[in-house]
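Take a look at the structure set out below.
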Amino acid sequence: MSQHPAIELVGIDKSFGAVHANKNINLKVEKGTIHGIIGENGAGKSTLMSIIYGFYQADRGEIRIDGKPLDIRDSQTAIAAGIGMVHQHFMLVENFTVLENVMLGAEGGQLLAKGVSGARKELKRLETDYGLDVDPDALIEDLPVGKQQRVEILKALYRSADILILDEPTGVLTPAEADHLFKVLKVLRDQGKTVILITHKLREIMAITDEVSVMRRGEMVATRKTAETTVEELAELMVGRRVLLRVEKGAAKPGKVLLSVKNLTVKDARGVTMVDNVSFDVREGEIVGIAGVAGNGQSELLEAIAGIRKPASGEILLDGQPIANADPARLRALGLAHIPEDRHHMGLVLKFEEYENSVLGYHRDPRYGRGALLDLKAIQADAVEKIEKYDIRPPNPRLKTANFSGGNQQKIVVAREIERDPKALIIGQPTRGVDIGAIEFIHRRIVEMRDAGKALLLVSVELDEIRSLSDRILVMFAGKVVGEKTPDAGEQTLGLMMAGIAA
Amino acid sequence: MEFYDIVVSILGSTIRLSIPLLFTALAGLFTERAGVFDIGLEGKMLAAAFASACVAYVTGNAWLGLLGGIGVSILFSLIHGFASITNRGNQIVSGVALNFVAAGLTVVLGQAWFGQGGRTPQISGEARFSPITLPFVDAMRDVPFIGPLYVHVISGNNILTYLAFLAVPITWWVLFRTRFGLRLRAVGENPGAVDTAGISVTWLRYRAVIVAGFLCGFSGAYLSIAQSAAFIKDMSAGKGYIALAALIFAKWKPVPVMFACLLFGFLDAFANFMQGKAVPGIGEVPVQIFQALPYILTCILLAGFIGVAHPPKAGGVPYTKER
Ligand SMILES: Nc1ncnc2c1ncn2[C@@H]1O[C@H](COP(=O)(O)OP(=O)(O)OP(=O)(O)O)[C@@H](O)[C@H]1O
Ligand SMILES: [Mg+2]
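Chains A and B are the protein sequences, given in the same order.
Under my numbering, the first residue of the first sequence carries the number -17, and numbering increases by one thereafter.
Under my numbering, the first residue of the second sequence carries the number -1, and numbering increases by one thereafter.
Printed below as a string of structure tokens:
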């Protein structure tokens, strides 16, 4: 069959200033297939896809759509060529309705009234065809992320995209939502559409793709038929060395209770109870994992312990001292470190240079300066040390933090908190959007902390992560701890508890 | 009945003082909704006032004067656009610079051309927009209550006044009922969404600043060839800033903008009325208090006492793809 590939890239090259994001990339994506793209953080996946979508322009190279070279200068050209993209960071207008977002750029005339009824009908059709239901009149800011992503997919389908690019769509989804997404993708493929899927989760690649391409440091290093490869091979191709996909750890040797939470109740800004009378202990030398579907109070629990949110009632004790009303600075002084769930909102100031973030929150330490003055030399030397130890790339303490990829940003936070050698560490989503090489590294650090006799509390929506790291697992549902299990409890048992069905 | 006459007279001047604010605030609404801060409203208004007066004086035609004002004001807008949209400069700096340019240039050119210390010569007749008398004024004159209101507040204004009030529903309609409006609101919130929807952020923002220039042309012309009969140095007298305050006070919404402008116009009219009059028990109230009130009210609003004002999210930030 002499069918042209849906997309063919020839010699694509792209730099952002000094960062060479894509180097001479060649790629063929066959029609009617799901093509996976994997690669470490900062490998250049998003950049490459944004070039296909006309969001960035390549410095060199050619894009062929259906065999014909196409000069994609802006997204308009890409959309006209039947390309749709769901970006890693959503491109939605938050105070617009779903309908307005879908129509934006495809309004069907100068006046909105004409297009609206057509758009409603089309949305209805897409809803029934693909099971992508969202209320067209809901405001984006009121929707959970899973639904927001649906809107992004609807936007592409509404423009009758034949080629759909999804950049890390499952990073923000619950397992059930991800399953549903994959069903939709399979339907699209069976209709002859082409799907490009970027993800860090190799299991997803194995489950749904037909072919998979691997990127490393800006280069396309391999393309494999999914049926002819293994998770181990892919991991090795991605990182350039063998990767341990399992966490290796010995038995825990728990000591005395270090962190103790008693009858803690936390409310959110609207006064809704998010954490409901929760009690537990974390001992020295153990990792306690908190499992749960996102939004069941884990975030609020973390924030209360970290001193960011005032508890409504209850007690928190660190080494016997009450800390429920201490602020974060005091908690740090007492030896409680915190790796926040959302590195962009809480962990980092993206406009700062790397070295500034590497001491953020600890900048008052006499090591980093005297009185009102900072000792920049000392801070930078310290940052370089952390960069080396944690393999943060690119190894440049003077680079703006926004220019690091997600995984490397996460390493900056992890390095900062762990290197302070705290007594207790509370960790939220340590590996969200992080590649497997970095995951392996971060996991190893966490286990080392445990073995050094620290008390660790881990919150993650990745059940695998919880199960492989924790010594004890608490399951949270609707603000309550509904049970405690050991890590060898089956996935299904835990899944049922997380859904509030069994205890 | 004397009290009612005072009320009517204050309302009449409220209208007259609100019009330049209204045009200017609507102008600001278009740019700021598109994510471009426009502190240069004041300068545009002043430059347009000067240009209108010059053209009206030379041609003897008020409409041509208006056109001249619009042209110059759009030119200023384009400079602002070039600095802040094309070259991604700081929007506040660009706006402030334009205000200084306008304040200086109008006086220098006025002196060079007319030699009257920065004033333009007096104009009259066809060169001005004069008050229009609406039908039935004579019949209405004797109707109690609504009569004086009709005669002195509703009738007897110049054409620009009526256009200003017409501009409010039109702005609303453009913003919420047209494709241009949808895209404009979107680009002020998340230009990335507009860009990835295949729409040019740059061109869209340029169109927004051009509309703002157009509207500022009207407010400038109103000042020099409708309300007065000549351009006088610094005649905008901070109205651009008050309009900006009204825009924030109205939370960037067209109909509330109109009410905010009327409120601030009323404060101004009331201040004029109170000048030199003593309030029983308090004594004479300094007019400065009334002049400061628009700003004070806006500050109270911004401090969160009268609801929360959410400015367009992407406001003031040049759009770049490079991080
Ligand atoms: N707009 C930009 N401006 C400057 N540098 C950028 C920009 N976008 C990406 N980069 C840099 O280009 C490199 C590739 O980034 P890209 O986002 O494509 O990686 P990625 O493979 O998608 O990583 P991740 O898995 O973390 O999403 C990184 O070093 C990144 O910092
Ligand atoms: Mg990416």
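Virtual Cβ for every residue (Gly too), placed ideally from N, Cα, C.
Comparing the C-beta of residue -6 of chain A with each C-beta of chain B, is any distance below 7 angstroms?
So, not an interface residue.
Mind checking if residue 146 of chain A is an interface residue toward chain B, Cβ cutoff 7 angstroms exclusive?
Chain B, which has no Cβ nearer than 7 angstroms to the Cβ of residue 146 of chain A, makes this no.
Please confirm if residue 31 of chain A has its CB atom under 7 angstroms from at least one CB of chain B.
Judged by the 7 angstroms Cβ criterion, residue 31 of chain A is not in contact with chain B.
Name the chain A residues that come within less than 8 angstroms of residue 176 of chain B, Cβ to Cβ?
Listed along the chain, the chain A residues whose CB falls inside 8 angstroms of the CB of residue 176 of chain B are 92, 93, 94.
Does the separation of the CB atoms of residue -4 of chain A and residue 4 of chain A fall below 7 angstroms?
Yes, Cβ-Cβ distance for residue -4 of chain A and residue 4 of chain A is below 7 angstroms.
So if I threshold CB-CB distances at 9 angstroms, which residues from the segment 457 to 469 of chain A count as touching chain B?
Answer in chain order: no residues at all.
Cβ pair count under 8 angstroms reaching 3, the segment 117 to 130 of chain B against the segment 218 to 233 of chain B
Cβ pair count under 8 angstroms is three or more, so yes.
With residue 61 of chain A and residue -11 of chain A assumed to form a contact (beta carbons below 8 angstroms), what rounded beta-carbon distance in angstroms separates them?
About 14 angstroms; that fails the 8 angstroms criterion.
Between residue 195 of chain A and ligand 2, is there a pair consisting of the residue's CB and a ligand heavy atom that are separated by less than 6 angstroms?
Residue 195 of chain A: no, Cβ never under 6 angstroms from ligand 2.
Could you check whether the Cβ of residue 387 of chain A sits closer than 6 angstroms to any heavy atom belonging to ligand 1?
Answer for residue 387 of chain A: yes, Cβ within range of ligand 1.
Would you decide whether residue 71 of chain A is buried or exposed? Buried here means 16 or more other CB atoms lie within 10 Å of its CB.
Exposed.
Beta carbon of residue 359 of chain A: closer than 6 angstroms to some heavy atom of ligand 1?
A distance criterion of 6 angstroms places the beta-carbon of residue 359 of chain A beyond contact range of ligand 1, judged by its closest non-hydrogen atom.
Between the Cα of residue 328 of chain A and the Cα atoms of A:409, A:264, A:458, which residue gives the shortest distance?
Selected option, being the one with the closest Cα: A:409.
Rounded Cβ spacing between residue 30 of chain B and residue 245 of chain B (contact assumed at less than 8 angstroms):
Yes, residue 30 of chain B and residue 245 of chain B are in contact; Cβ-Cβ is about 7 angstroms, under 8 angstroms.
In terms of alpha-carbon separation, which member of A:2, A:-9, A:23, A:0 lies closest to residue 389 of chain A?
With distances taken between Cα atoms, residue 389 of chain A lies closest to A:23.
Check for me: the alpha helix (DSSP H) holding residue 161 of chain A runs from which residue to which?
First-last of the alpha helix (DSSP H) with residue 161 of chain A: 157 to 172.
Sheet register partners of residue 303 of chain A (DSSP bridge):
Residue 303 of chain A is bridged to A:300.
Sequence-distant residues of its chain with Cβ nearer than 6 angstroms to residue 81 of chain B (five each side left out)
Here the set comprises 87, 92.
Got a sec: does ligand 1 put a non-hydrogen atom nearer than 6 angstroms to the Cβ of residue 72 of chain A?
No, Cβ of residue 72 of chain A sits at least 6 angstroms from all heavy atoms of ligand 1.
Expressed to the nearest angstrom, what Euclidean distance is found between the alpha-carbon atoms of residue -17 of chain A and residue 225 of chain A?
Confidence in residue -17 of chain A is poor, its pLDDT being 48 and thus under 50, which makes the residue's placement unreliable; the coordinate value appears in the next sentence. So the alpha carbons of these two residues sit roughly 39 angstroms apart.
Quick one: is residue 188 of chain B near chain A, going by C-beta distance under 7 angstroms?
Output row for residue 188 of chain B: interface = yes.
Determine the chain B residues that contact residue 78 of chain A at a beta-carbon separation under 7 angstroms, and present them in chain order.
Simply 184.
In whole angstroms, what separates the C-alpha of residue 314 of chain A from that of residue 302 of chain A?
Residue 314 of chain A and residue 302 of chain A have their C-alpha atoms some 16 angstroms from each other.
Do residue 80 of chain A and residue 116 of chain A come within 7 angstroms of each other at the CB atom, strictly closer than that value?
Result yes, Cβ atoms of residue 116 of chain A and residue 80 of chain A sit closer than 7 angstroms.
Hey, is residue 104 of chain A's beta-carbon within less than 7 angstroms of any beta-carbon in chain B?
Not closer than 7 angstroms to any Cβ of chain B, the Cβ of residue 104 of chain A fails to qualify, so no.
Between the Cα of residue 171 of chain A and the Cα atoms of A:153, A:152, A:193, A:159, which residue gives the shortest distance?
Cα-wise, what sits closest to residue 171 of chain A is A:193.
Proximal chain B residues relative to residue 86 of chain A, where beta-carbon distance stays under 8 angstroms
Simply 180, 181, 184, 191, 192, 195, 197.
Residue 319 of chain B versus chain A: which residues are under 8 angstroms apart at the beta carbon?
Residues of chain A passing the Cβ test: 37, 38.
Taking residue 69 of chain A as the query, report the chain B residues whose CB atoms sit under 9 angstroms from its CB, ordered along the chain.
At a beta-carbon threshold of 9 angstroms, the residues of chain B lying near residue 69 of chain A are 190, 194, ordered along the chain.
Taking only heavy atoms of ligand 1 into account, decide whether any of them is closer than 6 angstroms to the Cβ of residue 318 of chain B.
For residue 318 of chain B, the distance from the CB to the nearest heavy atom of ligand 1 is not below 6 angstroms.
Less than 6 angstroms separating the Cβ of residue 212 of chain A from some heavy atom of ligand 1?
Not under cutoff, so the answer is no.
Neighbour-count burial assignment, residue 403 of chain A, 16 or more Cβ in a 10 Å radius
By the Cβ neighbour-count rule, residue 403 of chain A is exposed, with fewer than 16 other Cβ atoms within 10 Å of its own.
Among all the DSSP beta bridges, which residues are the ones paired with residue 466 of chain A?
Residue pairing of residue 466 of chain A in beta bridges, as defined by DSSP: A:456.
Excluding sequence positions up to five away, which residues of its chain have a Cβ less than 6 angstroms from the Cβ of residue 73 of chain A?
Its chain contains no residue whose beta carbon lies nearer than 6 angstroms to that of residue 73 of chain A once the 5 sequence neighbours on both sides are disregarded.
Is residue 28 of chain A near ligand 2, with its Cβ less than 6 angstroms from a heavy atom?
Flag set: Cβ of residue 28 of chain A near ligand 2.
Identified DSSP bridge partners for residue 51 of chain A:
Residue 51 of chain A is bridged to A:46.
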